[in-house]
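Participant:
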Amino acid sequence: MLTEYAQENPDFAAFVEEDGFSLKAILENIHEENWLSSLYASGFFFKRYGRLFRYFDDWVVIKTNEDDTKITDIVVKKREAKHIETCYW
Numbered sequence: 002m003l004t005e006y007a008q009e010n011p012d013f014a015a016f017v018e019e020d021g022f023s024l025k026a027i028l029e030n031i032h033e034e035n036w037l038s039s040l041y042a043s044g045f046f047f048k049r050y051g052r053l054f055r056y057f058d059d060w061v062v063i064k065t066n067e068d069d070t071k072i073t074d075i076v077v078k079k080r081e082a083k084h085i086e087t088c089y090w
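Numbering-wise, the sequence shown is residues 2 to 90 according to my numbering.
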């Protein structure tokens, strides 16, 4: 999802590189350090990459199939000065 978002939004890719990070390195860190395995481990991830979290709006939109049994898409949006409600995304 992270790499797809960067491909569709070049501003995000540039934002990541401003901090000297690469998306490939971030994804490797997540996998190698198992940073998303627990709330405790996620804290280390947030501490290192917190600026990435602040790039995005606090809310996401989850799209599902007609039966609501499968997630078909997760929509994230860049944080704006004025919040736009997710129902308008």
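Using N, Cα and C, we set each Cβ at its ideal position, and we do this for glycine too.
Alpha carbon to alpha carbon, how far is Asp68 from Gly21?
Facilitator: Taking the sequence shown and counting its residues from 1, the one referred to as residue 68 is at position 67. Taking the sequence shown and counting its residues from 1, the one referred to as residue 21 is at position 20. Distance between the alpha carbons of Asp68 and Gly21 is about 43 Å.
Participant: CA-CA distance, Leu37 and Glu29?
Facilitator: The count along the sequence shown starts at 1 and reaches residue 37 at position 36. The count along the sequence shown starts at 1 and reaches residue 29 at position 28. One C-alpha to the other measures close to 12 Å.
Participant: Going along the chain, which residues of its own chain have a beta-carbon closer than 8 Å to the beta-carbon of Phe45, five neighbours each way excluded?
Facilitator: Along the sequence shown, read from residue 1 onward, the residue named residue 45 stands at position 44. Excluding residues within five positions, the ones whose Cβ falls inside 8 Å are Glu34, Trp36.
Participant: Nearest to Tyr6 by alpha carbon, out of Lys79, Thr87, Glu86, Ser43?
Facilitator: Taking the sequence shown and counting its residues from 1, one reaches residue 6 at position 5. It is Lys79.
Participant: What residue from Thr73, Asp58, Ser43 has the CA that sits closest to His84's CA?
Facilitator: For the purposes of this step, residue 84 is taken as residue 83 along the sequence shown, with counting starting at 1. Comparing Cα positions, the closest option is Asp58.
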